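In full-length UniProt numbering, the protein residues as written are 1 to 481.
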Amino acid sequence: MRRLRNVKIVATLGPSSSDYETIKALFEAGADVFRLNMSHGSHEEQAARHAIIRRIEAETGRPIAILADLQGPKLRVGTFARGSEELEEGAAFRFDLDPAEGDASRVCLPHREIFAALEPGATLLVNDGKIRLKVEDCGADFADCKVTTGGTISNRKGVNVPDVVLPLAALSDKDRADLEFACELGVDWLALSFVQRPEDVEEARGLAKGRAAILSKIEKPAAVNAYPAILAASDGIMVARGDLGVELPVHSVPPIQKRLVRGARAAAKPVIVATQMLESMIESPMPTRAEVSDVATAIYEGADAVMLSAESAAGQYPVEAVRTMDNVAKSVESDPTYRQVIEASRRVERTSIADGIVAAAREIAEATDIHAICCFSQSGRTASLVARERPNVPIIALSPVTATLRRLCLTWGVHCVLTDAIERFKMAVVSAARAARDYGFATEKDQIVVTAGVPFNVKGTTNILRVAPCDERLIFRTDPE
C-alpha cells in the first residue's frame, strides 16, 4: 500500500481500538505508526495489540512502526478526609510529608524530592494547572503556600512544578519494567516522559541496549531550556503540548512548537506534534475548524508526524479521526503555498559527504524530471538526511534490515521497502528501479536518483549518487559492474 502524503500519522491504541478489525481499519485509513500507551492497560493487553500490528504488517507487506510511550514519574497529592476541599484565592495551604488525610489547610505530598528542590517564590500547579499556589516558605519536609488561583482539590490530583529542575529520574520503577517488556516485545520506538536533561535520555538508551530508538517528549520547561543537548542525545522528539501548556503560559506553546520542530528537522531527526489535535472527535464524528487548522499548522511547519491520543484510543470515532488527519494532510500538501513554506524553512548546515550527496539528490530532482529518490541504508541515516531536505519527489528507503525500515516509518516522506543484502552497485540500482515501478512511483520510461554507500552494508558510508533509468535493460547495458 502506497501513501499519497508525506507527513506520517501516529494513532494511539486503547479500549476503542484493540481488535484486529479496528486496527486494520486504522492502518487502511492512514495510520503509519501505532502508539502503545504504557500508562494504561496491562502487559498482556499491549502484547496482544503488538501481535495484531505485526500480523497486519505481514499481510500487507508494508513495515509498520510501533511506539511504546512510557508513563514517567507521576507526582500526586495524598488523600483528603472528606475526599475534596475548596481552596480560596489568598488562603494559606501547606504541603508536607505527613501521611495523615488532608483538610482545607494541608495535604500530604509524598515526594521528598520536590521539597528538596523548592525555593520561596516557586509555583506549584494542581489538577492540570487549574489550581495555582506560590511557595512562601519551605523546608526539607514542607512547603507553605499562598493560593493564587483557587478551586477544588481532591484525592491524588497531579502536581506540576514548572519553575525548578526536579532531582527525579525520568524513569520510575514501573517505567523500567515497562521499558524492558517493550524492548523484549520488539517495539521500534520508546517515548520517554518527564525528560529534564540529556542524562535522562542516556539512561533510557543504556537500558534499551539498541533494541529500540529513543524519542524524547518535550513537556517541561527544563526540557525546553536544555533542548539542544536533549535533541543531540535523542533519536527523535515529541512536542507534548498538553503538559507544556500546563507548566508554561499557554500562549508560549505555539512559538516553542515551531522552534522544536525546526530544531529536530535541522538535526534530521523525526519530530511528532502531539496532544489534543482532534480532541472533539472523541465524541463527535466531525472536528472543529480550529482543530483542523491546528493539524494543518503542524504540517506546514514541516513536522514528520502528527499524533492522535484519546481520539483513536478511547474515542467513539477512531477510524474517522485517522481519516480526517489523512484528508487534512493531503489537502495541505497539495497547496502550492506548502512547498513555498517548506522550502523557505530549509536551513541546513552541511558538513559531510552524505550531506552533500542528499542535497545534490534533491536539487537534481527539482531541476529535472526525476520521479523518486531511492536510498540504500543500513541504519536509516541516509533516508533521514534526504527527508530533511523535504524534496518534492517521493523518497524510497531500501534496506535489508527490517528494524531500520520500521523506525523510518516515523520519518517524513519515506516509503520503506525491504530488500535482500546488496553487494554490487549495479544490483542496487536495479532493486531501486524495481521498487519505484512496483509501488507506482515510476514507469520504465522514467528516471530516478539512487544514493548508496560503497562498501555496501556498512553504516555511514553514503558516497554515491546515480541518475538511473527505470528500464532494467538500460541499466544492464550502461552501468559498470
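The beta-carbon is built from N, C-alpha and C at its ideal position, and this holds for glycine as well.
Nothing here was measured: the structure is a model prediction, and the numbers come from that model.
### Task
Leaving out five residues on either side along the sequence, give the residues of the same chain with a beta carbon under 7 angstroms from the beta carbon of V429.
Looking up residue 429 in the sequence shown gives position 429. V450, R466, A468, I475, D479.
### Message
Between K130, D128, C145, which has its C-alpha nearest E136's C-alpha?
### Response
Counting from one through the sequence shown, the residue named residue 136 turns up at place 136. It is C145.
### the segment 198-217 touching the segment 93-105, judged by at least three CB pairs closer than 8 angstroms
no
#### Entry: C-alpha gap between S18 and A403, whole angstroms
The count along the sequence shown starts at 1 and reaches residue 18 at position 18. The count along the sequence shown starts at 1 and reaches residue 403 at position 403. Their Cα atoms are separated by approximately 23 angstroms.
### Query
In three-state terms, what does DSSP make of I299?
For the purposes of this step, residue 299 is identified with residue 299 of the sequence shown, where counting begins at 1. I299: helix per DSSP, three-state reduction.
#### Entry: For S345, the three-state DSSP class (helix, strand or coil)
Position 345 of the sequence shown, counted from the first residue, corresponds to residue 345. Coil.
### Task
Could you say which of D326, T351, Y300, A240 lies nearest to S309 if we only look at CA atoms?
The residue labelled residue 309 in the question sits at position 309 within the sequence shown. Minimum Cα distance to S309 is reached at A240.
### Message
Restricting to runs no shorter than 4 residues, where is the alpha helix (DSSP H) found entirely within the segment 25-105?
### Response
43-60
### Task
Would you mind reading off the limits of the alpha helix (DSSP H) that contains L405?
If you number the sequence shown from 1, residue 405 lands on position 405. 402-408 is the extent of the alpha helix (DSSP H) around L405.
### Task
Would you kindly work out how many angstroms separate the C-alpha atoms of A305 and K258, rounded to a whole number?
On the sequence shown, position 305 is the one that residue 305 refers to. On the sequence shown, position 258 is the one that residue 258 refers to. Distance between the alpha carbons of A305 and K258: 14 angstroms.
### Query
alpha helix (DSSP H) containing E363: first to last residue?
If you number the sequence shown from 1, residue 363 lands on position 363. Per DSSP, E363 belongs to the alpha helix (DSSP H) from 353-367.
### Message
Please give me, in chain order, every unbroken run of the beta strand (DSSP E) with length at least 3 that falls completely inside the segment 239-278.
### Response
271-274
#### Entry: Identified DSSP bridge partners for P447
Here the question's residue 447 lines up with position 447 in the sequence shown. Here the sequence assigns Gln to residue 447, which means Pro is not the residue at that position. Its beta-bridge partners are I370, P469.
### Candidates W412, G380, E389, of which the one nearest V401 by Cα
Along the sequence shown, one-based indexing puts residue 401 at 401. The shortest Cα separation from V401 among W412, G380, E389 belongs to G380.
### Message
One question on the structure: do G156 and R76 come within less than 8 angstroms of each other, judged by their Cβ atoms?
### Response
Here residue 156 refers to the residue found at position 156 when the sequence shown is read from its first residue. Here residue 76 refers to the residue found at position 76 when the sequence shown is read from its first residue. Residue 156 is actually Arg in this sequence, not Gly. Yes, these two residues count as a Cβ contact at 8 angstroms.
### Message
Helix, strand or coil, according to DSSP, for D420 in the structure here?
### Response
Reading the sequence shown from its first residue, position 420 is the one you call residue 420. DSSP places D420 in coil when its eight states are reduced to three.
### Query
Just the Cα atoms here: how many angstroms apart are T411 and F95?
Locating residue 411 in the sequence shown gives position 411, where the first residue counts as 1. Locating residue 95 in the sequence shown gives position 95, where the first residue counts as 1. For T411 and F95, the distance between alpha carbons rounds to 44 angstroms.
### Task
Determine the DSSP secondary structure at S154, reduced to helix, strand or coil.
Residue numbering aside, residue 154 sits at position 154 when the sequence shown is read from its first letter. In this structure, S154 counts as strand in the three-state DSSP scheme.
#### Entry: Backbone CA spacing between residue 485 and M277 [nearest angstrom]
The structure shown has nothing for residue 485, since the chain only spans 1 to 481.
### Task
Can you tell me which of the three DSSP states K330 falls into?
Within the sequence shown, the letter at position 330 stands for residue 330. Of the three classes helix, strand and coil, the one that applies to K330 here is helix, per DSSP.
### Task
Using only alpha-carbon positions, find the residue among A268, A436, K459, V224 that is nearest to D355.
Position 355 of the sequence shown, counted from the start, is the residue given in the question as residue 355. Selected option, being the one with the closest Cα: A268.
### Query
Cα separation between V262 and E85?
Residue numbering aside, residue 262 sits at position 262 when the sequence shown is read from its first letter. Residue numbering aside, residue 85 sits at position 85 when the sequence shown is read from its first letter. According to the sequence shown, residue 262 is Arg rather than Val. Rounded to whole angstroms, R262 to E85 spans 44 angstroms at the Cα level.
### Query
When you compare each of S16, S431, A191, R54 to A421 by their alpha carbons, which one comes out closest?
In the sequence shown, counting from the first residue as 1, residue 421 sits at position 421. Taking only the C-alpha atoms, the option nearest A421 is S431.
### Residue burial classification, H415 (beta-carbon count within 10 angstroms, cutoff 16)
Here residue 415 refers to the residue found at position 415 of the sequence shown. Classification for H415: buried.
### At least 3 beta-carbon pairs within less than 8 angstroms: the segment 240-251 vs the segment 281-288
Counting Cβ pairs under 8 angstroms, fewer than three are found: no touch.
### Query
What span of residues does the beta strand (DSSP E) with R132 cover, start to end?
Taking the first residue of the sequence shown as position 1, residue 132 is located at position 132. Counting along the chain, the beta strand (DSSP E) containing R132 begins and ends at 131-139.
### Query
Applying the criterion that 16 or more other CB atoms from any shown protein chain within 10 Å of the CB defines a buried residue, is Q447 buried or exposed?
Indexing the sequence shown from 1 puts residue 447 at position 447. Buried, since its Cβ has 16 or more Cβ neighbours within 10 Å.
### Query
Under the DSSP definition of a beta bridge, which residues are partnered with K8?
As a first step, residue 8 is located in the sequence shown; it is residue number 8 there, counting from the start. DSSP, once it has assigned bridges, lists A305 as partnering K8.
### Query
Going straight from the alpha carbon of E291 to that of T275, what length do you get?
Looking up residue 291 in the sequence shown gives position 291. Looking up residue 275 in the sequence shown gives position 275. Approximately 11 angstroms between the Cα atoms of the pair.
### Query
At which residues does the beta strand (DSSP E) containing S17 begin and terminate?
Along the sequence shown, one-based indexing puts residue 17 at 17. No beta strand (DSSP E) contains S17, which DSSP labels as neither H nor E.
#### Entry: For H415: DSSP bridge partner residues
For the purposes of this step, residue 415 is taken as the residue at position 415 of the sequence shown. Its beta-bridge partners are I396.
### Message
Please report the straight-line C-alpha distance between A298 and L97, rounded to a whole angstrom.
### Response
As a first step, residue 298 is located in the sequence shown; it is residue number 298 there, counting from the start. As a first step, residue 97 is located in the sequence shown; it is residue number 97 there, counting from the start. Roughly 43 angstroms separates the two Cα atoms.
### Task
Could you say which of T462, H40, L215 lies nearest to I272 if we only look at CA atoms?
Residue mapping note: residue 272 aligns to position 272 of the sequence shown, counting from 1. I272 has its Cα closest to that of L215, out of T462, H40, L215.
### Query
Which residues share a DSSP beta bridge with A213?
Working through the sequence shown from its first residue, we reach residue 213 at position 213. W189.
### Task
Check whether the Cβ atoms of A191 and A68 sit closer than 8 angstroms, and answer yes or no.
The residue you call residue 191 lines up with position 191 of the sequence shown. The residue you call residue 68 lines up with position 68 of the sequence shown. Cβ distance < 8 angstroms, so A191 and A68 count as in contact.
### Host alpha helix (DSSP H) of T382 (start-end)
For the purposes of this step, residue 382 is taken as residue 382 along the sequence shown, with counting starting at 1. Note, T382: alpha helix (DSSP H), 381-388.
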